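One structure below.
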Amino acid sequence: MNMLARNGKPRGLNFELSTQPLEEMVKSMFSCFPGFRSELVFGGQIGTKLDVAVKDKYVEVKFPCPGRCKEDFEIEVVGDFLTVKVVDCGKHKECCDNKRYVIRERTCESYEESVKLPVAVKGAETRAKYMHGILEITIPRVCEEKNGAHIVKVS
Amino acid sequence: MEDKKCFSVPENAVEVRPAVDVIEEDCGVKIMFEVPGANSETIDVSVEDGVLTMRAVSSLTRNGGPICYYRAFQLSDMVDVAGIQAKTQDGVLTLCLPKSERATVHRIKVE
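These protein sequence lines are chains A and B, in that order. Per my numbering, the first sequence starts with residue 36, numbered consecutively. Per my numbering, the second sequence starts with residue 156, numbered consecutively.
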């Protein structure tokens, strides 16, 4: 029985006016052309899930990844490169197998992304927390020496 | 579901269509929305004229405005609207839509 449709109407009928389907269509049509960047059309950074923000004393990286547990994440900082891996710890797949899906858009597959951080960081002091489906990574910046004037006395 | 009359979406919010799973179960239907950055205080679920509407404001931003997840579904009259339950965990909103009494199968033994 389909409880989301009345009298045989299409399942999952929705009314949103989102540009996301259009973005996906344009990406699929033009991604084969070298130099095409969908963010030039729609704005934002499509294609990357890592949102990097440079603050005064640290770099903050946000990674939306709902429905996971903290054991699913592996985070590496090597030099100025941050790598985030999302692996399935097993419990998601077990509970997905025997369900009767009417609509299935969510995924619990593995994912990996690396990004070059725009500033020098102290990788050993990286902190991460997972809350409300967002992985938040905080990496302290390396204090840069200010280019102040050096007065040299002639002896 | 409770009425949240004070729920409002910021004017500069960027509307995003969240991914969903709709799963049929023996006792009804379960809908799972991906709403990272939203919590019970920033999620609004309502049913009006047979249309279930979900709005959720996230702590994530895009183009300078907060992300607002929005999605709506037409419900059949087989859903017990008064019995809908909602919970959120780890950025996933789960709605349990029980079958109404009309939808339950009554088997009649032929003598």
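Just so you know, even glycine gets a beta-carbon here, dropped at the ideal spot from N, CA and C. It should be emphasised that the depicted structure is a prediction, and the values quoted were computed from it without experimental measurement.
(request) Please work out which residues of its chain come closer than 6 Å, Cβ to Cβ, to L215/B, disregarding the five sequence neighbours upstream and downstream, and give them in chain order. (result) Taking the second sequence and counting its residues from 1, one reaches residue 215/B at position 60. For L215/B, where only same-chain residues beyond five positions count, the Cβ hits under 6 Å are G192 and I222.
(request) Leaving out five residues on either side along the sequence, give the residues of the same chain with a beta carbon under 8 Å from the beta carbon of E147/A. (result) Walking along the first sequence from the start, residue 147/A turns up at place 112. The answer, listed in chain order, is T118, V119, K120 and V121.
(message) Let me confirm a value: H167/A is counted as buried when at least 16 other C-beta atoms fall within 10 Å, else exposed. Which label applies?
(response) Along the first sequence, read from residue 1 onward, the residue named residue 167/A stands at position 132. Looking at its Cβ environment, which holds 16 or more other Cβ atoms inside 10 Å, H167/A is buried.
(request) Just confirm the distance between the C-beta atoms of R86/A and D107/A, as a whole number of angstroms; I'd bet it's less than 8 Å. (result) To locate residue 86/A, count along the first sequence from 1; it is residue 51. To locate residue 107/A, count along the first sequence from 1; it is residue 72. Residue identity check: residue 86/A is Asp in the sequence provided, not Arg. At roughly 19 Å, the Cβ-Cβ gap does not stay under 8 Å, so D86/A and D107/A are not in contact.
(message) Looking only at its chain, what residues have a beta carbon closer than 6 Å to the beta carbon of V171/B, apart from the 5 residues adjacent to it on each side?
(response) Indexing the second sequence from 1 puts residue 171/B at position 16. These residues qualify, in order along the chain: I222 and Y224.
(message) Along the stretch 96–113 of chain A, where does the CB come closer than 8 Å to a CB of chain B? Name the residues.
(response) K97, P99, C100, P101, G102, R103 and C104
(request) Mind listing the chain B neighbours of E140/A? Cutoff is C-beta to C-beta under 7 Å, in chain order. (result) The residue given as residue 140/A occupies position 105 in the first sequence. Simply A174, V175 and D176.
(request) Note down, in chain order, every chain B residue with its Cβ under 9 Å from the Cβ of K188/A. (result) Along the first sequence, one-based indexing puts residue 188/A at 153. Going along chain B, no residue has its Cβ under 9 Å from K188/A, so there is no contact; the nearest lies around 51 Å.
(request) Quick one: grab the DSSP three-state call for F65/A. (result) One-based indexing of the first sequence puts residue 65/A at position 30. Of the three classes helix, strand and coil, the one that applies to F65/A here is helix, per DSSP.
(request) Could you tell me which residues DSSP pairs with R162/A in its beta bridges? (result) What you label residue 162/A is simply residue 127 of the first sequence in a count that begins at 1. R162/A pairs with T173/A.
(message) Rounded to the nearest angstrom, what separates V206/B and F228/B at their Cα positions?
(response) Numbered from 1 along the second sequence, position 51 holds the residue referred to as residue 206/B. Numbered from 1 along the second sequence, position 73 holds the residue referred to as residue 228/B. If I take the Cα positions, the gap works out to 6 Å.
(request) Check whether the Cβ of P191/B lies closer than 9 Å to any Cβ atom in chain A. (result) One-based indexing of the second sequence puts residue 191/B at position 36. Closer than 9 Å: yes.
(message) Short of 7 Å Cβ to Cβ, which residues in the stretch 228–251 of chain B face chain A?
(response) F228, Q229, L230, S231, D232, M233, V234, D245, G246 and V247
(request) Could you name the residues of chain B that V137/A contacts, counting a contact when the two beta carbons are closer than 8 Å? (result) Residue 137/A sits at position 102 when you count from the first residue of the first sequence. Simply V177, I178, E179 and V184.
(message) Quick check on P173/B: buried or exposed, where buried means 16 or more other Cβ atoms within 10 Å of its Cβ?
(response) Counting from one through the second sequence, the residue named residue 173/B turns up at place 18. It is buried - the Cβ of P173/B has at least 16 other Cβ atoms within 10 Å.
(request) Give the residues of chain B in contact with K134/A, contact being defined as C-beta atoms less than 9 Å apart. (result) On the first sequence, residue 134/A is found 99 positions in, with the first residue counted as 1. Residues of chain B passing the Cβ test: D176, I178, E179, E180 and K185.
(message) Excluding the 5 residues flanking L230/B on each side, which residues of the same chain have their C-beta closer than 8 Å to its C-beta?
(response) Your numbering for residue 230/B matches position 75 in the second sequence. So the list reads V202, G205, V206, L207, V236 and L252, once near-sequence residues are dropped.
(request) Tell me, please, whether the CB atom of N167/B is closer than 9 Å to any CB atom in chain A? (result) In the second sequence, the residue the question calls residue 167/B occupies position 12. Not closer than 9 Å to any Cβ of chain A, the Cβ of N167/B fails to qualify, so no.
(message) Can you check whether the C-beta of I172/A is within less than 9 Å of a C-beta belonging to chain B?
(response) The residue you call residue 172/A lines up with position 137 of the first sequence. With 9 Å as the cut-off, I172/A does not count as an interface residue toward chain B.
(message) Can you list, in chain order, the residues of its chain with a C-beta nearer than 7 Å to that of S145/A? Leave out the 5 residues immediately preceding and following it.
(response) Here residue 145/A corresponds to residue number 110 of the first sequence, with the count starting at 1. Cβ neighbours of S145/A beyond the five flanking positions: V121, V122 and D123.
(request) Mind reading off the beta-carbon distance from I138/A to V175/B? Whole number of angstroms is fine, and I expect it under 8 Å. (result) The residue labelled residue 138/A in the question sits at position 103 within the first sequence. The residue labelled residue 175/B in the question sits at position 20 within the second sequence. Right, the Cβ-Cβ distance comes to about 6 Å (below 8 Å), so this counts as a contact.
(message) If I follow the unbroken beta strand (DSSP E) through I198/B, where does it start and stop?
(response) Here the question's residue 198/B lines up with position 43 in the second sequence. Boundaries of the beta strand (DSSP E) harbouring I198/B: I198 to E203, taken from the DSSP string.
(message) Would T243/B and S213/B be called neighbours here (beta carbons separated by less than 9 Å)?
(response) Residue numbering aside, residue 243/B sits at position 88 when the second sequence is read from its first letter. Residue numbering aside, residue 213/B sits at position 58 when the second sequence is read from its first letter. No. Outside cutoff.
(request) Check P56/A in the structure and name its three-state DSSP category. (result) As a first step, residue 56/A is located in the first sequence; it is residue number 21 there, counting from the start. P56/A: helix per DSSP, three-state reduction.
(request) Report the three-state DSSP secondary structure of G220/B (helix, strand or coil). (result) Within the second sequence, the letter at position 65 stands for residue 220/B. Of the three classes helix, strand and coil, the one that applies to G220/B here is strand, per DSSP.
(message) Could you check whether the Cβ of S201/B sits closer than 9 Å to any Cβ belonging to chain A?
(response) Within the second sequence, the letter at position 46 stands for residue 201/B. Judged by the 9 Å Cβ criterion, S201/B is not in contact with chain A.
(request) Measuring only between beta-carbons, confirm whether G158/A sits less than 9 Å from chain B. (result) The residue given as residue 158/A occupies position 123 in the first sequence. No, G158/A does not count as interfacial toward chain B.
(message) Please identify the residue among V184/B, V169/B and F188/B whose C-alpha is closest to the C-alpha of A258/B.
(response) Along the second sequence, read from residue 1 onward, the residue named residue 258/B stands at position 103. Measuring from the Cα of A258/B, the nearest candidate turns out to be V184/B.
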